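Undergrad: After the structure tokens below, expect a handful of questions from me.
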Amino acid sequence: MGHGDQNLNLPNGHSFEPAPERVKALQALIGGPFHFGRPITDRSAWEKIGASEAGQRLLALAEIAGKDEPRAYITNEDCLYVIETSDRSKFDPLPGRVRERQVLLPIAECIENQGRYLARIEDDIRRHCALNMWTFPLFVRSRQLFERTEYFTDLATVHYANNLVTALHLLGDRLKPETRDLIRREIETRVFKPFEERIKTGRDLYWWTIVTHNWNSVCLSGVLSCALRLKEDPAERAWYLAVVEKLIKHSEDGFEPSGFYTEGVAYWGYGYSHYILAAELVRGATGGAIDWLHQPRVEHISHFGHRMEIQNGVYPSFSDCRRDVVLPDWLMHWHNNRLDPARKSRDTAVPTRPFDPIHFQFADIVHLVLFHQEDINQAYAVGRPRAVREWFEDVQFLICRPNPDTDCRLAATFKGGDNAANHNHNDLGTFTVISGKEELLVDPGAEIYTRRTFSVHRYESNLLNSFGHPVPVVGGQLQFPDQTYHRTGFGRDAYTKLVDTTFTAGQDRVIIEMDRAYKVPHLMNLIRAFTYDRTGRGRIEVSDKVKFSTPDTFETALITYGQWELKSDGSLIVSQNGEAVTVTVTSDQGPMEFAHCVIQESSTPTRLSWRLPAPVLEAVVRISVVPA
Numbered sequence: 000m001g002h003g004d005q006n007l008n009l010p011n012g013h014s015f016e017p018a019p020e021r022v023k024a025l026q027a028l029i030g031g032p033f034h035f036g037r038p039i040t041d042r043s044a045w046e047k048i049g050a051s052e053a054g055q056r057l058l059a060l061a062e063i064a065g066k067d068e069p070r071a072y073i074t075n076e077d078c079l080y081v082i083e084t085s086d087r088s089k090f091d092p093l094p095g096r097v098r099e100r101q102v103l104l105p106i107a108e109c110i111e112n113q114g115r116y117l118a119r120i121e122d123d124i125r126r127h128c129a130l131n132m133w134t135f136p137l138f139v140r141s142r143q144l145f146e147r148t149e150y151f152t153d154l155a156t157v158h159y160a161n162n163l164v165t166a167l168h169l170l171g172d173r174l175k176p177e178t179r180d181l182i183r184r185e186i187e188t189r190v191f192k193p194f195e196e197r198i199k200t201g202r203d204l205y206w207w208t209i210v211t212h213n214w215n216s217v218c219l220s221g222v223l224s225c226a227l228r229l230k231e232d233p234a235e236r237a238w239y240l241a242v243v244e245k246l247i248k249h250s251e252d253g254f255e256p257s258g259f260y261t262e263g264v265a266y267w268g269y270g271y272s273h274y275i276l277a278a279e280l281v282r283g284a285t286g287g288a289i290d291w292l293h294q295p296r297v298e299h300i301s302h303f304g305h306r307m308e309i310q311n312g313v314y315p316s317f318s319d320c321r322r323d324v325v326l327p328d329w330l331m332h333w334h335n336n337r338l339d340p341a342r343k344s345r346d347t348a349v350p351t352r353p354f355d356p357i358h359f360q361f362a363d364i365v366h367l368v369l370f371h372q373e374d375i376n377q378a379y380a381v382g383r384p385r386a387v388r389e390w391f392e393d394v395q396f397l398i399c400r401p402n403p404d405t406d407c408r409l410a411a412t413f414k415g416g417d418n419a420a421n422h423n424h425n426d427l428g429t430f431t432v433i434s435g436k437e438e439l440l441v442d443p444g445a446e447i448y449t450r451r452t453f454s455v456h457r458y459e460s461n462l463l464n465s466f467g468h469p470v471p472v473v474g475g476q477l478q479f480p481d482q483t484y485h486r487t488g489f490g491r492d493a494y495t496k497l498v499d500t501t502f503t504a505g506q507d508r509v510i511i512e513m514d515r516a517y518k519v520p521h522l523m524n525l526i527r528a529f530t531y532d533r534t535g536r537g538r539i540e541v542s543d544k545v546k547f548s549t550p551d552t553f554e555t556a557l558i559t560y561g562q563w564e565l566k567s568d569g570s571l572i573v574s575q576n577g578e579a580v581t582v583t584v585t586s587d588q589g590p591m592e593f594a595h596c597v598i599q600e601s602s603t604p605t606r607l608s609w610r611l612p613a614p615v616l617e618a619v620v621r622i623s624v625v626p627a
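In numbering that gives the first Met the number 0, the protein residues as written are 0 to 627.
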């Protein structure tokens, strides 16, 4: 839970309780308890999985996870150490290994049906239920959560809860009665009771119930999945359906009309995959009567991952997005492969492997893919050609690609918008350049999360503030919000204004006003023009035109993880893995002062900067990038 993310109280007499008539209508649609998976007693289903390539892969991975020695556990001592020291280095590797066993071992037991994994599964369940807290131990009120004087359902809690409920559903009476009771009791205490009290009273409501980022879809889908399987009373299951139906709208609002997702590609993979889980849970529980994925808006959202691939598997790394992100095939092509009687045809030209790549952390995703697509052995990619550009005007984000079958290997991105996005970085005016498979001029991407990342000190990080991005420093000032303050939405008054766009077969050009991104009183105007030329071998030019009412300083910068070399003519060669570009920076004010430094954060890109040698009233600075 970060700074600005605080539980809320609704005005007296108000709550998020769903309308009784909606609950009643949903109850009329649902049957018995629902889960994506198939119980171990459904031998025909599991024998089919066992005979598939995916099933054999799952068995092999379970074998490795089952031999994890020394076995990774989370203990109360581990949690308390993080709470007291803020040192998460030893803790961080543990949850992934624990969840991997929680997901894989019950599946392997269902395929083999020999009892080989039962003892270890039960031991893992008992150990996990003995933990004081399932929440991540760096939250603001972690001490109270550890002492169990408070409960908070976070991302970690719903993932653990789903995995345990899945084990209960799959294995049934293969688990000891006391183990089955333990799971039900812990989910009731840690998930159901706190959630129901908050929804019904409108007091101390979880902040994620109304946010537009990934927490909303992840937590809601997790709570709903547990309820649809464990709640015996159909009226209770209908109540949970109605609540999630009401609150999931905030996740949908996290997408711009263009389908753009401001949290970035990695969080689209996380947040939208769990939106799909919620949608498929609703569809499954209502016997197909309700299908959110048929909404035109959601269909549009589903293409975001495909549209974001710049070229050769490289994705933009704006916001808190890893630079090495790889999106799972199942998610990219779910609308093409899901069981859907309403679909009249699907693309079948290019086979794909749904489990490539996938992290076996979330049981619901694995069982959705195993049992709710046309055929686990015959999944196919969506046949969608890649355009030479992707332009999202509502957020001022551009991807430029070369024409196919040309000598141009350069691609680029350009970003405007505002500094109030979910997982925001102060990056207005950022551009990146890719040659072949190598991103040579970069947005540095996410930092490794610490307590600082989601605190009032967020923008002390030189990976998150504008110092670590290829944007100007104006009058000695970075973009706003500054290093001393961060609150959700606080950067909405730091924004760019779209001036003009020109898109042709050979060239893309976007011009934005950037002065509103800086709190410099005598800055009159700052215009950045980005031009991508895909003719010949390609060329990118970025020009800044700045005007002050009183002379002041101006500096521009580039960021790279590659190697660089300063040439005698003042140009730079930036290279990596056989790809290279030549960078030239000029000004109408004459020569500029070049400097460089390594940004000392969790990753260490190089910042290359050019500064006008004296304060100016106005100037034009041009950055030119061509193949070396």
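C-beta atoms are modelled at their ideal positions from N, C-alpha and C, and glycine is treated no differently. Since the structure is predicted, the reported quantities are computational estimates derived from the model, not experimental observations.
Measure the CB-CB distance between Ser224 and Phe35 and report whether it falls below 9 angstroms.
TA: Yes; because the gap between Cβ atoms is below 9 angstroms, this pair is in contact.
Undergrad: Under a Cβ-count criterion, where at least 16 other Cβ atoms within 10 Å of its own Cβ denotes burial, should Glu592 be classed as buried or exposed?
TA: Classification for Glu592: exposed.
Undergrad: Less than 7 angstroms between C-beta atoms, sequence neighbours within five positions excluded: which residues of the same chain meet that for Arg56?
TA: Phe354, listed in sequence order.
Undergrad: Does DSSP classify Asp529 as helix, strand or coil?
TA: The displayed chain sequence assigns Phe, not Asp, to residue 529. Strand at Phe529.
Undergrad: Specify, as a first and last residue, the run of the alpha helix (DSSP H) that Phe151 falls within.
TA: Premise fails: Phe151 is in no alpha helix (DSSP H) and is neither H nor E.
Undergrad: With 16 other CB atoms within 10 Å as the buried threshold, where does Thr503 fall?
TA: By the 10 Å Cβ count, Thr503 comes out exposed.
Undergrad: Roughly how many angstroms separate the alpha carbons of Met0 and Thr134, rounded to a whole number?
TA: Low confidence applies here, because Met0 scores a pLDDT of 41, under 50, leaving its location unreliable; read the following figure in that light. So the two alpha carbons sit approximately 10 angstroms from each other.
Undergrad: Helix or strand or just coil, what does DSSP make of Asp442?
TA: It is coil, neither helix nor strand.
Undergrad: Buried or exposed for Cys596, going by 16 or more other Cβ atoms inside 10 Å?
TA: Exposed.
Undergrad: Indicate whether the contact test is met: 3 or more Cβ pairs, each with one atom in the stretch 258-276 and one in the stretch 301-315, closer than 8 angstroms.
TA: Yes, since at least three Cβ pairs between the stretch 258-276 and the stretch 301-315 fall closer than 8 angstroms, the two stretches touch.
Undergrad: If you run the structure through DSSP and keep just helix, strand and coil, what is Ser567?
TA: Correct three-state label for Ser567: coil.
Undergrad: When burial is assigned at 16 or more other CB atoms within 10 Å of the CB, is Ala288 buried or exposed?
TA: Its Cβ having fewer than 16 others within 10 Å, Ala288 is exposed.
Undergrad: Kindly indicate which three-state DSSP category His305 falls into: helix, strand or coil?
TA: Correct three-state label for His305: helix.
Undergrad: Give me the Cα-Cα distance between Asn75 and Val243, rounded to the nearest whole angstrom.
TA: For Asn75 and Val243, the distance between alpha carbons rounds to 32 angstroms.
Undergrad: Among Lys47, His273, Arg189, Tyr80, which one has its Cα closest to the Cα of Ala362?
TA: Nearest C-alpha to Ala362: His273.
Undergrad: How about Thr628 and Ser257: do their beta carbons lie closer than 9 angstroms?
TA: What is shown of the chain runs 0 to 627, which leaves residue 628 out entirely.
Undergrad: Which value, in whole angstroms, describes the spacing of the CA atoms of Arg87 and Asp404?
TA: The straight-line gap from Cα to Cα measures roughly 49 angstroms.
Undergrad: Quick one: residues in its chain with C-beta nearer than 6 angstroms to the C-beta of Leu525, no 5 flanking neighbours on either side, listed in chain order?
TA: Within the same chain, Leu525 has close Cβ partners Met513, Asp514, Val545.
Undergrad: Can you tell me which of Ile247, Pro443, Ala594 puts its alpha carbon nearest to the alpha carbon of Cys320?
TA: The shortest C-alpha separation from Cys320 is found at Pro443.
Undergrad: Using CA coordinates, which residue listed in Ser14, Phe430, Asp203 is at the minimum distance from Tyr314?
TA: Nearest of Ser14, Phe430, Asp203 to Tyr314, Cα basis: Phe430.
Undergrad: Straight-line CA distance for Tyr670 to Ala284?
TA: Any question about residue 670 goes unanswered here, given that the chain covers just 0 to 627.
Undergrad: Are three or more beta carbon pairs between the stretch 432-442 and the stretch 401-418 nearer than 8 angstroms?
TA: A contact exists between the stretch 432-442 and the stretch 401-418.
Undergrad: Just verifying my parser: in three-state terms, what is the DSSP assignment at Trp333?
TA: It is helical.
Undergrad: Where does Arg115 fall in DSSP's three states?
TA: Correct three-state label for Arg115: coil.
Undergrad: For the stretch 268-306, list the alpha helix (DSSP H) runs that are entirely contained and at least 4 residues long, ordered along the chain.
TA: Entirely contained in the stretch 268-306, the alpha helix (DSSP H) runs reaching 4 residues are, in chain order, 295-300.
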